[in-house]
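Participant:
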Amino acid sequence: MILPSETSPTPWSHHHQRLHHHLLRHPELLPAGSSLLLAVSGGQDSMALTVLLADLRRLYHWQLVLWHGDHGWRAEAAQQAGELQAWAHTQKLPFLLDQSGEPPGGEAAARRWRYDCLRRQAAALGIPHVVTGHTASDRAETLLLNLARGSHRRGLVSLKPVRSLNAETGPGRNQAGLGDGDRREPIRLVRPLLPFSREDTGRICRELEVPIWEDSSNLDTRFGRNRLRAEVMPVLEALHPGAVRRIGALTGRLEEELAAQDELVALALQGLIAAPGDSSRVLWRDGLGRLGRGNRRLLLERWLTLHGVPAQSARALEDLASRLAGQRGSGAWNLADGWQLRWDRSTLVLQFSAIPDPGHGPIPPGE
Numbered sequence: 019m020i021l022p023s024e025t026s027p028t029p030w031s032h033h034h035q036r037l038h039h040h041l042l043r044h045p046e047l048l049p050a051g052s053s054l055l056l057a058v059s060g061g062q063d064s065m066a067l068t069v070l071l072a073d074l075r076r077l078y079h080w081q082l083v084l085w086h087g088d089h090g091w092r093a094e095a096a097q098q099a100g101e102l103q104a105w106a107h108t109q110k111l112p113f114l115l116d117q118s119g120e121p122p123g124g125e126a127a128a129r130r131w132r133y134d135c136l137r138r139q140a141a142a143l144g145i146p147h148v149v150t151g152h153t154a155s156d157r158a159e160t161l162l163l164n165l166a167r168g169s170h171r172r173g174l175v176s177l178k179p180v181r182s183l184n185a186e187t188g189p190g191r192n193q194a195g196l197g198d199g200d201r202r203e204p205i206r207l208v209r210p211l212l213p214f215s216r217e218d219t220g221r222i223c224r225e226l227e228v229p230i231w232e233d234s235s236n237l238d239t240r241f242g243r244n245r246l247r248a249e250v251m252p253v254l255e256a257l258h259p260g261a262v263r264r265i266g267a268l269t270g271r272l273e274e275e276l277a278a279q280d281e282l283v284a285l286a287l288q289g290l291i292a293a294p295g296d297s298s299r300v301l302w303r304d305g306l307g308r309l310g311r312g313n314r315r316l317l318l319e320r321w322l323t324l325h326g327v328p329a330q331s332a333r334a335l336e337d338l339a340s341r342l343a344g345q346r347g348s349g350a351w352n353l354a355d356g357w358q359l360r361w362d363r364s365t366l367v368l369q370f371s372a373i374p375d376p377g378h379g380p381i382p383p384g385e
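Shown next as structure tokens:
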């Protein structure tokens, strides 16, 4: 692939070169000739993403569409959305705007609303790739937040480079989140800026003179991530410069280790499944109970994940694995979203009810 020459009208910097080389090493991220829906907040991360991808179009022949979501949290949000749309027009980039009728109640609700909008817009336009400006800094923050919550190791593998953006998996749905009769093309969420830090994207915007629209809600320390970003990450960087980048890289290494481990766990799990097909929801308890506690935990987690059960906390998995040791008597355990485990001396059965059970954890005998 030929790089732009010094006389090319397309800007080319070491930032472009860095992203270009990353995409060459990982061509599955943003395949050449694809249509991309870019989630653009107007902040430095998403604006750096936008200008880099726009400049790299001549090499990859992408079709770019920008999307912006207004949560309705800030009085100035509508004006900023209008200015961002005007800027997109000057760059000859299509622009889509979604406005929330009712302001989302908190970070998690706002995130769900954004991804719901992006999924809907991508499906309507037939765009298979939704692209966000998440960086190594976001990855490090998410890892620390999940660590503080007591997440299992799999929960620490935050912000993967690619994941499905289709509906979540569950009973009767495949790994793309689609029903057996649903033939929609899967939509991928892609994060190509994970090798970059927030410091890098700030430098990109300054050096390339890219406009930024600051979101005042990012300064509100009532939100957990904002507080971590303002009060914790600077301390870590001061103690150990480069901490953010190293923590972000740790997430990537954990992801590789877990992928290798999954291959071995899948082989071991086949020996515990009572029968194929629908009976894969039944495990032989004797074989599971003879394993060490750590391996029991791994196999349980894998088995539950395969059936679309929501992720369990590290503490819940530890407690459950302990209860299944040896030949202790029967028992039951509420999971989430209607899932439940029941066991006797020989088998462990995973059940699903359309009506979720209240609460999580062990079920008292007789219920």
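So in the numbering used here, the last spot in the sequence shown is 385, and the numbers never skip.
Built from N, CA and C at the ideal position, the CB exists for glycine as well.
Look at F113 and Q103 and say whether their C-beta atoms are less than 7 Å apart.
Facilitator: The residue labelled residue 113 in the question sits at position 95 within the sequence shown. The residue labelled residue 103 in the question sits at position 85 within the sequence shown. For F113 and Q103, yes; Cβs fall inside 7 Å.
Participant: Could you name each continuous beta strand (DSSP E) segment of 3 residues or more that falls completely within the region 250 to 312, going from the start of the chain to the end?
Facilitator: DSSP runs (the beta strand (DSSP E)) wholly in the region 250 to 312: 300 to 302.
Participant: Which partner residues of T206 appear in the DSSP bridge assignment?
Facilitator: Here residue 206 refers to the residue found at position 188 of the sequence shown. For clarity, residue 206 is Arg in the given sequence; the question names Thr instead. DSSP, once it has assigned bridges, lists H147, S182 as partnering R206.
Participant: Would the beta-carbon of A154 fall within 7 Å of that of L212?
Facilitator: Taking the first residue of the sequence shown as 1, we reach residue 154 at position 136. Taking the first residue of the sequence shown as 1, we reach residue 212 at position 194. Taking 7 Å as the cut-off, the beta carbon of A154 is found closer than this to the beta carbon of L212.
Participant: Could you please give the first and the last residue of the uninterrupted beta strand (DSSP E) stretch that includes L114?
Facilitator: As a position in the sequence shown, residue 114 is number 96, starting the count at 1. Taken as a continuous stretch (DSSP letters only), the beta strand (DSSP E) holding L114 covers 113 to 117.
Participant: Using the three-state DSSP reduction, which class does D17 fall into: helix, strand or coil?
Facilitator: What is shown of the chain runs 19 to 385, which leaves residue 17 out entirely.
Participant: Rounding to the nearest angstrom, what Cα-Cα distance links G356 and F370 in this structure?
Facilitator: Working through the sequence shown from its first residue, we reach residue 356 at position 338. Working through the sequence shown from its first residue, we reach residue 370 at position 352. The alpha-carbon atoms of G356 and F370 are separated by roughly 6 Å.
Participant: Classify W11 as helix, strand or coil using the three-state DSSP reduction.
Facilitator: The question about residue 11 has no answer here: the residues shown for the chain are numbered 19 through 385.
Participant: So, under 8 Å CB-CB, R230 and H33 are touching, yes? Tell me the CB distance rounded to an integer number of Å.
Facilitator: Against the sequence shown, residue 230 aligns to sequence position 212. Against the sequence shown, residue 33 aligns to sequence position 15. This sequence places Ile at residue 230; Arg is not what is there. Their Cβ separation, rounded to whole angstroms, is 15 Å, which puts I230 and H33 out of contact at 8 Å.
Participant: Just the Cα atoms here: how many angstroms apart are R132 and G123?
Facilitator: In the sequence shown, counting from the first residue as 1, residue 132 sits at position 114. In the sequence shown, counting from the first residue as 1, residue 123 sits at position 105. For R132 and G123, the distance between alpha carbons rounds to 13 Å.
Participant: Mind checking whether H170 and R209 have CB atoms under 7 Å apart?
Facilitator: As a first step, residue 170 must be located in the sequence shown, where it is residue number 152. As a first step, residue 209 must be located in the sequence shown, where it is residue number 191. No, they are not a contact pair.
Participant: One question on the structure: do L177 and R206 come within less than 7 Å of each other, judged by their Cβ atoms?
Facilitator: The residue given as residue 177 occupies position 159 in the sequence shown. The residue given as residue 206 occupies position 188 in the sequence shown. No.
Participant: Which residue comes first and which comes last in the alpha helix (DSSP H) that contains W105?
Facilitator: For the purposes of this step, residue 105 is taken as the residue at position 87 of the sequence shown. Looking at the DSSP string, the run of the alpha helix (DSSP H) that includes W105 is 95 to 108.
Participant: DSSP three-state call for L82: helix, strand or coil?
Facilitator: For the purposes of this step, residue 82 is taken as the residue at position 64 of the sequence shown. For L82, the three-state secondary structure derived from DSSP is strand.
Participant: Should the region 323 to 340 be called in touch with the region 264 to 275, which here means at least 3 C-beta pairs below 8 Å?
Facilitator: no
Participant: Does the distance from the C-beta atom of L55 to that of A140 stay below 7 Å?
Facilitator: Taking the sequence shown and counting its residues from 1, one reaches residue 55 at position 37. Taking the sequence shown and counting its residues from 1, one reaches residue 140 at position 122. Taking 7 Å as the Cβ cut-off, L55 and A140 qualify as a contacting pair.
Participant: Give me the residue from E225, W91, L285, N236 with the minimum Cα distance to S31.
Facilitator: Here residue 31 refers to the residue found at position 13 of the sequence shown. When each option's Cα is compared against that of S31, the closest is E225.
Participant: Could you tell me which of L285, P29, L246, A72 sits nearest to L48, measuring between CA atoms?
Facilitator: The sequence position of residue 48 within the sequence shown is 30, counting from 1. Residue A72 is the option with its Cα nearest to L48.
Participant: What residue from L37, S53, M65 has the CA that sits closest to E227's CA?
Facilitator: Walking along the sequence shown from the start, residue 227 turns up at place 209. Per the Cα distances, M65.
Participant: Using CA coordinates, which residue listed in L301, E319, E336 is at the minimum distance from V367?
Facilitator: Taking the sequence shown and counting its residues from 1, the one referred to as residue 367 is at position 349. Of the listed residues, the one whose Cα sits closest to V367 is L301.
Participant: Taking all protein chains shown into account, decide if E399 is buried (16 or more other Cβ within 10 angstroms of its Cβ) or exposed.
Facilitator: Beyond the ends of the chain as shown, which are 19 and 385, falls residue 399; an answer cannot be given.
Participant: Let me know if E203 comes out buried or exposed under the rule of 16 or more other beta-carbons within 10 Å of its beta-carbon.
Facilitator: Here the question's residue 203 lines up with position 185 in the sequence shown. Under this definition E203 is an exposed residue.
Participant: Please determine, among L162, L77, R76, E255, the residue with the shortest C-alpha to C-alpha distance to G242.
Facilitator: On the sequence shown, residue 242 is found 224 positions in, with the first residue counted as 1. Nearest in C-alpha terms to G242, of all of L162, L77, R76, E255, is L162.
Participant: What is the DSSP secondary structure of S53, counted as helix, strand or coil?
Facilitator: Against the sequence shown, residue 53 aligns to sequence position 35. Three-state result, S53: strand.
Participant: Bridge partners for V367 per DSSP, in chain order?
Facilitator: For the purposes of this step, residue 367 is taken as residue 349 along the sequence shown, with counting starting at 1. DSSP lists V300, R360 as the beta-bridge partner residues of V367.
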